[in-house]
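Below: the structure, in structure tokens.
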Amino acid sequence: MSGDKQGSVSPPGDADDGRGEKSKYSGNLKHELRTPLNHIIGYCEMLIEQAQDDGLDIFIPDLDRIHAAGERLLRVVDDLCDPVADRKIDELSMHHEVRTPLNQVIGYAEMLQEQAKDLGHDSFASDLQNVHTAGRRLLELIVENFASIQVSS
Numbered sequence: 000m001s002g003d004k005q006g007s008v009s010p011p012g013d014a015d016d017g018r019g020e021k022s023k024y025s026g027n028l029k030h031e032l033r034t035p036l037n038h039i040i041g042y043c044e045m046l047i048e049q050a051q052d053d054g055l056d057i058f059i060p061d062l063d064r065i066h067a068a069g070e071r072l073l074r075v076v077d078d079l080c081d082p083v084a085d086r087k088i089d090e091l092s093m094h095h096e097v098r099t100p101l102n103q104v105i106g107y108a109e110m111l112q113e114q115a116k117d118l119g120h121d122s123f124a125s126d127l128q129n130v131h132t133a134g135r136r137l138l139e140l141i142v143e144n145f146a147s148i149q150v151s152s
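Letter by letter, the sequence shown follows residues 0 to 152 in numbering that gives the first Met the number 0.
Structure (structure tokens):
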């Protein structure tokens, strides 16, 4: 991984560099973006299970929304980082495809965290903070790598 900022992945050079570099770059970027996504999805699965076990059913619908948004983001990242897909990315479409579910992850996690604290479920709130942090980290990575995502596709 290279770049000026930690987490920023340098795009491949000129077109003459070949598919190998593009494929390696796409793989690095995909890994970098999937790490916080896997945290979001994994924590949601754990929190849904915990909510079911502890009778905290009030949290489950919004946790399901976060989980679904995480899965949707995973599909978008896989598509954007596909090194063999030869397509042009519409900036507005990509922005919508990424930001809408990402805003759901961040917003619902923040809202549920506040609700859990208000109800005295501090460990649950702490785990929700991890979901929120992973969502914010994913947002940072996408902003840092937005131009290179367009270059790599």
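Note that beta-carbon positions come from the ideal geometry of N, C-alpha and C, so glycine has one too.
Residue from the options with nearest C-alpha to residue i
{"i": "residue 95", "options": "76, 38, 107, 27", "result": "76"}
{"i": "residue 133", "options": "124, 58, 108", "result": "108"}
{"i": "residue 78", "options": "29, 139, 142", "result": "29"}
{"i": "residue 115", "options": "44, 55, 43, 39", "result": "55"}
{"i": "residue 124", "options": "131, 112, 135", "result": "112"}
{"i": "residue 67", "options": "135, 105, 145, 136", "result": "105"}
C-beta contact flag for residue i and residue j at 8 Å
{"i": "residue 71", "j": "residue 35", "result": "no"}
{"i": "residue 121", "j": "residue 42", "result": "no"}
{"i": "residue 98", "j": "residue 73", "result": "no"}
{"i": "residue 59", "j": "residue 40", "result": "no"}
Cβ-based burial, residue i [other Cβ within 10 Å; buried from 16]
{"i": "residue 118", "result": "exposed"}
{"i": "residue 103", "result": "buried"}
{"i": "residue 69", "result": "buried"}
{"i": "residue 142", "result": "exposed"}
{"i": "residue 31", "result": "buried"}
{"i": "residue 57", "result": "exposed"}
{"i": "residue 154", "result": "Within the shown structure, residues of the chain are numbered from 0 to 152, placing residue 154 beyond reach of any answer."}
{"i": "residue 52", "result": "exposed"}
Simplified DSSP state of residue i, which is helix, strand or coil
{"i": "residue 80", "result": "coil"}
{"i": "residue 120", "result": "coil"}
{"i": "residue 62", "result": "helix"}
{"i": "residue 54", "result": "coil"}
{"i": "residue 152", "result": "Because the pLDDT of residue 152 is 48, which lies under 50, any placement of that residue in the model is unreliable, and the number read from its coordinates should be weighed accordingly. It is coil, neither helix nor strand."}
C-beta neighbour in chain E for residue i, strict 8 Å
{"i": "residue 143", "result": "Looking at the structure shown, chain E is missing, and only one protein chain is on hand."}
Residue i versus residue j: straight-line alpha-carbon distance, rounded
{"i": "residue 129", "j": "residue 38", "result": "8 Å"}
{"i": "residue 65", "j": "residue 80", "result": "22 Å"}
{"i": "residue 110", "j": "residue 27", "result": "32 Å"}
{"i": "residue 151", "j": "residue 137", "result": "Unreliable placement is indicated for residue 151, whose pLDDT of 49 sits below 50; no coordinate value is reported for it."}
{"i": "residue 45", "j": "residue 135", "result": "19 Å"}
{"i": "residue 50", "j": "residue 61", "result": "11 Å"}
{"i": "residue 140", "j": "residue 131", "result": "14 Å"}
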